[in-house]
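> Protein chains in written order, with the working numbering: chain V, 141 to 385; chain S, 141 to 385. Below are the structure tokens for one structure; questions will follow.
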């Protein structure tokens with residue numbers, strides 16, 4: 141079996157490392173690619189073709205793992221070479237997922253939840269061809285949600301909506317606790333019910349959110365536009381606060 | 141050592157069961173008490189006096205575990221009998237805590253976090269006499285926060301603020317997930333990062349909040365009045381939603 145990567149960043153690199161089988165060959169191309177990407181490819185066990193036409197044409201599975209902004213463009217450029225399953229793993233909106241579905245055949249909507257380089261990343265899939273990717277279950281957790289294109293993307297949005305809003309709530313209550321000089325105790329008392337790692341996890345969320353609040357606000361704004369639901373008052377408030385950080 | 145209870149509901153009952161030592165005697169009174177309370181007292185190993193004057197006068201530690209609305213009244217009525225430590229365990233605002241502190245000597249501000257009948261309840265204490273209650277550490281987790289009266293109450297408010305707002309956020313995202321027919325997957329995907337018990341804990345929070353949204357809204361409104369902080373936008377939104385449930 142041949143698996144071809146469009147885009148070769150961390151996701152593709154890690155996948156090429158954890159999917160190890162004598163029956164599976166990886167291909168990609170360095171066409172129009174940065175030196176950084178070419179270096180990463182050279183560190184992995186992936187066969188490099190001169191053009192994407194060559195790399196993708198012989199693939200049973202094509203994995204698109206680029207940036208959200210480029211997901212549609214690469215689908216548009218390379219769908220003509222696609223003869224197998226086209227799996228999109230980009231962090232894109234369900235709208236974009238639908239657009240890609242209209243461009244490529246045998247499309248599978250995919251979302252990796254959790255860090256790809258964690259001990260057990262989970263790959264959520266939706267679409268009628270998702271079952272054909274169940275062989276990946278040997279290498280990482282694979283969950284098929286439904287045969288509906290967009291469900292994997294929507295699930296990722298739901299998760300992202302919850303964790304982003306939760307982070308803003310954490311920032312708000314942590315700031316309050318600091319004002320009362322009870323911040324250590326705040327974490328301690330909540331760890332009794334929220335788990336031993338509550339402090340570590342919360343501080344990591346708070347720091348990540350503060351460091352990239354602009355990007356997170358943009359993402360949350362897009363998500364709210366997509367859901368278009370007046371009841372989402374907590375999430376809207378989280379967005380308003382994110383914009384002010 | 142004599143420990144006297146004002147109020148004999150679940151908290152006092154459980155404390156009288158878990159604090160087991162040949163050196164400790166429990167006392168209380170059935171003066172003006174309901175048959176239900178008298179029955180609960182009769183099931184425990186607590187010496188009953190005819191009057192609270194007799195029950196409290198000989199106590200080294202008095203524990204007030206009544207209802208929030210009655211905490212100040214009992215302090216007012218019974219402080220004249222108090223010769224030892226006066227520990228308030230009621231779910232009261234830091235304002236009420238201050239008022240009780242002005243009425244009784246040797247006051248200790250206490251808050252039990254988590255369910256009293258769980259395997260390991262934790263008793264948070266603040267006040268300059270809190271150290272005198274460290275002997276209780278033999279029977280349940282005891283944490284001294286500071287020598288400042290009000291810190292234990294404020295910590296309980298902080299925790300309650302966070303968990304109440306979190307519950308509203310959970311309700312909002314869960315409703316959204318249900319609309320998308322992805323509610324099971326929503327819990328599953330979050331349990332990967334939030335812990336295996338995420339679904340169970342979240343559903344319990346959602347149900348508790350929906351079943352007593354009016355009371356929770358009142359509590360959260362009092363908390364917000366106490367903190368009086370315009371930055372608490374997430375918590376204010378949680379309150380607005382709670383009022384509408």
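For glycine and all other residues, C-beta sits at the position ideal for the given N, C-alpha and C. All values derive from a computational prediction rather than experimental measurement.
Anything in chain V within Cβ reach of residue 308 of chain S, meaning under 7 Å, just list it in chain order.
In chain order: 374.
> Grouping DSSP H, G and I as helix and E and B as strand, with all else coil, what is residue 283 of chain V?
DSSP places residue 283 of chain V in strand when its eight states are reduced to three.
> Looking at chain V, is there any beta carbon in it that lies within less than 7 Å of the beta carbon of residue 335 of chain S?
It does: the Cβ of residue 335 of chain S has a partner Cβ on chain V nearer than 7 Å.
> Alpha carbon to alpha carbon, how far is residue 346 of chain V from residue 308 of chain V?
For residue 346 of chain V and residue 308 of chain V, the distance between alpha carbons rounds to 8 Å.
> Quick one: does residue 317 of chain V have its CB under 7 Å from some CB of chain S?
It does; some Cβ of chain S falls within 7 Å.
> Per DSSP, what are the beta-bridge partners of residue 264 of chain V in this structure?
V/251, V/283, per the DSSP bridge assignment.
> Inspect the beta-carbon positions of residue 221 of chain V and residue 180 of chain V and report whether they are closer than 7 Å.
No, the pair does not count as a contact, with Cβ atoms beyond the cut-off.
> In terms of residues, what are the limits of the beta strand (DSSP E) holding residue 166 of chain S?
Residue 166 of chain S -> beta strand (DSSP E) spans 165-169.
> Pick from V/192, V/230, V/312: whose alpha carbon is nearest that of residue 207 of chain V?
That would be V/230, whose Cα lies nearest to the Cα of residue 207 of chain V.
> Would you verify that the beta carbon of residue 156 of chain V is, or is not, closer than 7 Å to some beta carbon of chain S?
So no, residue 156 of chain V is outside the interface.
> Can you give the Cα-Cα distance for residue 255 of chain S and residue 299 of chain S, rounded to whole angstroms?
The straight-line gap from Cα to Cα measures roughly 13 Å.
> If we define contact as Cβ-Cβ less than 7 Å, is residue 340 of chain V a contact residue for chain S?
Chain S contact via Cβ: absent.
> In whole angstroms, what separates the C-alpha of residue 216 of chain V from that of residue 240 of chain V?
Using only the alpha carbons, I get a separation of about 8 Å.
> Quick one: what does DSSP say residue 116 of chain V is sitting in, helix, strand or coil?
Any answer about residue 116 of chain V is impossible in this case: the structure gives chain V only from 141 up to 385.
> Classify residue 190 of chain V as helix, strand or coil using the three-state DSSP reduction.
Residue 190 of chain V: coil per DSSP, three-state reduction.
> Exposed or buried, residue 144 of chain V, counting other C-beta atoms within 10 Å across all chains shown (16 or more means buried)?
Under this definition residue 144 of chain V is a buried residue.
> Express the C-alpha separation of residue 322 of chain S and residue 368 of chain V in angstroms, rounding to a whole number.
Their backbone Cα atoms lie some 17 Å apart in a straight line.
> According to DSSP, which residues form a beta bridge with residue 225 of chain S?
According to DSSP, residue 225 of chain S bridges with S/201.
> Determine, using beta carbons only, whether residue 301 of chain V and residue 375 of chain V come nearer to each other than 7 Å.
For residue 301 of chain V and residue 375 of chain V, yes; Cβs fall inside 7 Å.
> Hey, residue 233 of chain S and residue 366 of chain S are a contact pair by Cβ (cut 8 Å); roughly how many whole angstroms apart?
Indeed, because the Cβ distance is near 5 Å, the residues count as touching under 8 Å.
> With C-beta atoms as the reference, is residue 289 of chain V less than 7 Å away from residue 264 of chain V?
No, the pair does not count as a contact, with Cβ atoms beyond the cut-off.
> Short check: CB of residue 248 of chain S to CB of residue 146 of chain S, under 7 Å?
In this structure, residue 146 of chain S does not lie closer than 7 Å to residue 248 of chain S by Cβ.
> At a Cβ cut of 8 Å, what residues of the region 242-256 of chain V count as close to chain S, listed as they run along the chain?
If the cut-off is 8 Å between Cβ atoms, the region 242-256 of chain V has 253, 254 near chain S.
> The alpha helix (DSSP H) with residue 345 of chain V in it runs from where to where?
Taken as a continuous stretch (DSSP letters only), the alpha helix (DSSP H) holding residue 345 of chain V covers 338-351.
> Listing by chain order, which chain V residues have their CB less than 7 Å from the CB of residue 378 of chain S?
By Cβ distance, chain V contributes 374.
> Let me see if you follow: with CB-CB separation under 7 Å, is residue 320 of chain V close to chain S or not?
Cβ-Cβ to chain S under 7 Å: yes for residue 320 of chain V.
> What number of angstroms, rounded off, separates the C-alpha of residue 291 of chain S from the C-alpha of residue 355 of chain S?
Taking the straight line joining both Cα atoms gives about 23 Å.
> Around the C-beta of residue 274 of chain V, are 16 or more other C-beta atoms found within 10 angstroms, so that it is buried, or is it exposed?
Exposed is the call here.
> Interface residues of chain V around residue 371 of chain S at Cβ under 9 Å?
Simply 312, 315, 316, 381.
> Count the other C-beta atoms from every protein chain shown that fall within 10 angstroms of the C-beta of residue 304 of chain S, then say buried if there are 16 or more, exposed otherwise.
The residue is buried, with at least 16 neighbouring Cβ atoms inside 10 Å.
> Short check: CB of residue 191 of chain S to CB of residue 171 of chain S, under 7 Å?
In contact: residue 191 of chain S and residue 171 of chain S (Cβ atoms closer than 7 Å).
> Residue 266 of chain V to residue 184 of chain V, Cα distance in whole Å?
Using only the alpha carbons, I get a separation of about 28 Å.
> Using a Cβ-Cβ cutoff of 7 Å, what residues of the region 273-291 of chain V are near chain S? List them in chain order.
Within the region 273-291 of chain V, the residues whose Cβ lies closer than 7 Å to some Cβ of chain S are 285, 291, listed in chain order.
> Any C-beta of chain S sitting closer than 7 Å to the C-beta of residue 236 of chain V?
No, residue 236 of chain V does not count as interfacial toward chain S.
> Would you kindly work out how many angstroms separate the C-alpha atoms of residue 379 of chain V and residue 212 of chain S, rounded to a whole number?
Residue 379 of chain V and residue 212 of chain S: Cα-Cα distance of roughly 41 Å.
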